[in-house]
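Input: a single structure, listed below in structure tokens.
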Amino acid sequence: MANVYAKKPLVITKGKGALVWDVYNRQYIDCTGSYGVSIVGHCHPRIVEAVKKQAETLISCHSSFYNDARSRFLEKLSHIAPQGLDKIYLSNSGTESVECAFKLARRFSGKPGIIALMGAYHGKTMGALSATWDKKYREPFKPLVPEFSHVPADSLDKMEEAITEKTAAIIVEPIRGEGGIRALSNRYLQELRKICDDKHVLLIFDEVQTGFGRTGKNFACEHSGVIPDIICLAKSVAGGLPIGVTIARKGVMSALKVGEHTSTFGGNPLVCAAAAAAIDVLVEEKLAERANKLGNYFKEELQSLQTRSEIIREVRGLGLMIGVEFRFDVLNILNKSMNKGVLILDAGRNILRFLPPLVIEKEQIDTVISVLDKVVKEEENERLFGSTSDQNA
Ligand SMILES: Cc1ncc(COP(=O)(O)O)c(C=O)c1O
0 MANVYAKKPL VITKGKGALV WDVYNRQYID CTGSYGVSIV GHCHPRIVEA
50 VKKQAETLIS CHSSFYNDAR SRFLEKLSHI APQGLDKIYL SNSGTESVEC
100 AFKLARRFSG KPGIIALMGA YHGKTMGALS ATWDKKYREP FKPLVPEFSH
150 VPADSLDKME EAITEKTAAI IVEPIRGEGG IRALSNRYLQ ELRKICDDKH
200 VLLIFDEVQT GFGRTGKNFA CEHSGVIPDI ICLAKSVAGG LPIGVTIARK
250 GVMSALKVGE HTSTFGGNPL VCAAAAAAID VLVEEKLAER ANKLGNYFKE
300 ELQSLQTRSE IIREVRGLGL MIGVEFRFDV LNILNKSMNK GVLILDAGRN
350 ILRFLPPLVI EKEQIDTVIS VLDKVVKEEE NERLFGSTSD QNA
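The sequence shown begins at 0 in numbering that gives the first Met the number 0 and counts up by one.
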């Protein structure tokens, strides 16, 4: 396999709910949720059952034919999608959902310009990469797609200045995930909507990481009440199987004509059957509400840990999308937590990122906190006092 992933020394072989097991049958609480994919938990029985049943019926069916499993999923998705977003394009990943949004924006407006935010992450294919901010991803692949620009995330004035007669769309993540769990305020998003309406520019929300209950609502846009023209989803929508979804207002999506944007695997029945089951689980198990409640609890516990620590700068996030910013590099904390049975992600050099399955139990959160408590104390002793043992243990 290509050497493009920062590998952890762990072979994961099994998963259930918020837990995974390694090849030696050691158990871990998975606060990475497979990079935010496992919203409904690992191997949810409803997903397993749907996949098994569909695998015995029909696995592959190109979207040039109609298919019952796909129709069932599209209908369920259109029921929970933000109001007015009613035309759906199906692909296989987050970056593809973003590519579709960009092509759609250009086709609809007849203009080339896309404005993204500094700190943004939208994927790594050439179009999405052109909107992604981090130099380490962009520089080796220049020249990127022309007419993409970036503005600071906290300035509506700078945004207005950046819009020209060539601007087709603005793309934002309601909460930047890879960019450090940094939320845009409701006011910012509401003003951005007005600016886009005034200047006839499309507003794209990349909810690949924030969508599907993660932040305590089915879609993060519901917190601000702002409905974008196009929304991009992926990660968790098919309960762990690969999927990308781009949803737009009918008038916008109809700009794409037959053959202009297609995907061989997009909308295949196996994935659609899993995705229909995932929506049932999201709704019936009230996972967004659960993310809100458990997210508040998790955040309070982390904030209490912050008061006991000198190396934690800030705890932030919404629902079960939580960031903890440290004064130092978090690599040791990640590794030590892993050795004590807790898997956590980073988001930049000094931020821990928690994207656990929304089915995580309160007791599992308590275990995560007690592991972190120990690990943070150890790290603090090493960083501040040069000791390699936990003197307070
Ligand atoms: C906000 C956002 N957009 C796009 C992507 C790209 O998704 P994928 O890795 O499925 O291509 C990601 C992945 O982390 C993401 O967080």
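For each residue, glycine too, the CB sits at the ideal point set by N, CA and C.
Three-state secondary structure (DSSP) of residue 293: helix
Distance, residue 165 Cα to residue 113 Cα: Rounded to whole angstroms, residue 113 to residue 165 spans 9 Å at the Cα level.
Nearest-angstrom Cα separation, counted from residue 298 out to residue 253: As the crow flies, the alpha-carbon of residue 253 is around 42 Å from that of residue 298.
For residue 152, three-class secondary structure by DSSP: coil
Simplified DSSP assignment, three categories, for residue 337: helix
Endpoints, the alpha helix (DSSP H) within which residue 323 is located: Here residue 323 belongs to no alpha helix (DSSP H); instead the beta strand (DSSP E) covers 320–325.
Test item: CB-CB of residue 286 and residue 212 under 8 Å: Result yes, Cβ atoms of residue 286 and residue 212 sit closer than 8 Å.
Shell residues, 5 Å Cβ cut-off relative to heavy atoms of ligand 1: 92, 93, 94, 121, 122, 172, 176, 205, 207, 208, 233
Meets three-Cβ-pair contact criterion under 8 Å: the stretch 92–108 and the stretch 116–127: yes
Residue span of the alpha helix (DSSP H) that contains residue 88, given as start and end: It is not in any alpha helix (DSSP H) - residue 88 instead sits in the beta strand (DSSP E) that spans 86–90.
Residues that DSSP places opposite residue 26 in a beta bridge: 20
Completely contained alpha helix (DSSP H) runs for the stretch 129–210, where each covers 4 or more residues: Counting whole runs of 4 or more residues, the stretch 129–210 contains the alpha helix (DSSP H) stretches 134–137, 155–161, 185–198.
Cβ-Cβ distance between residue 322 and residue 210 below 8 Å: no
Residue 313 - DSSP class collapsed to helix/strand/coil: Reduced to three states, the DSSP call for residue 313 is strand.
Check whether residue 246 and residue 230 have beta carbons under 8 Å apart: yes
Among 171, 47, 208, nearest to residue 352 - alpha-carbon criterion: Shortest Cα-Cα distance from residue 352 to any of 171, 47, 208 involves 208.
Pair within 8 Å by beta-carbon distance, residue 85 and residue 249: The Cβ-Cβ distance between residue 85 and residue 249 falls below 8 Å.
Segment contact, 8 Å Cβ cut-off, at least three pairs: the stretch 39–57 with the stretch 275–295: Under the 8 Å Cβ criterion, the stretch 39–57 counts as touching the stretch 275–295, having at least three qualifying pairs.
DSSP three-state assignment for residue 307, whether helix, strand or coil: coil
Buried or exposed (CB count within 10 angstroms, at least 16 for buried), residue 364: buried
Rounded C-alpha distance that separates residue 391 from residue 377: Its pLDDT being 43, under 50, residue 391 is placed unreliably by the model, and nothing is read from it.
Heavy atom of ligand 3 within 7 Å of residue 264 beta-carbon: Ligand 3 is absent from the structure shown, which contains only ligand 1.
Residue 231: first and last residue of the uninterrupted beta strand (DSSP E) it sits in: 229–232
Unbroken alpha helix (DSSP H) run spanning residue 244, endpoints: Per DSSP, residue 244 belongs to no alpha helix (DSSP H); it is in the beta strand (DSSP E), 243–247.
Run of the alpha helix (DSSP H) containing residue 274, from where it starts to where it stops: 268–283
For residue 359 and residue 293, believed in contact at Cβ under 8 Å, the rounded distance: 7 Å
Span separating the alpha-carbon of residue 291 from that of residue 362: 16 Å
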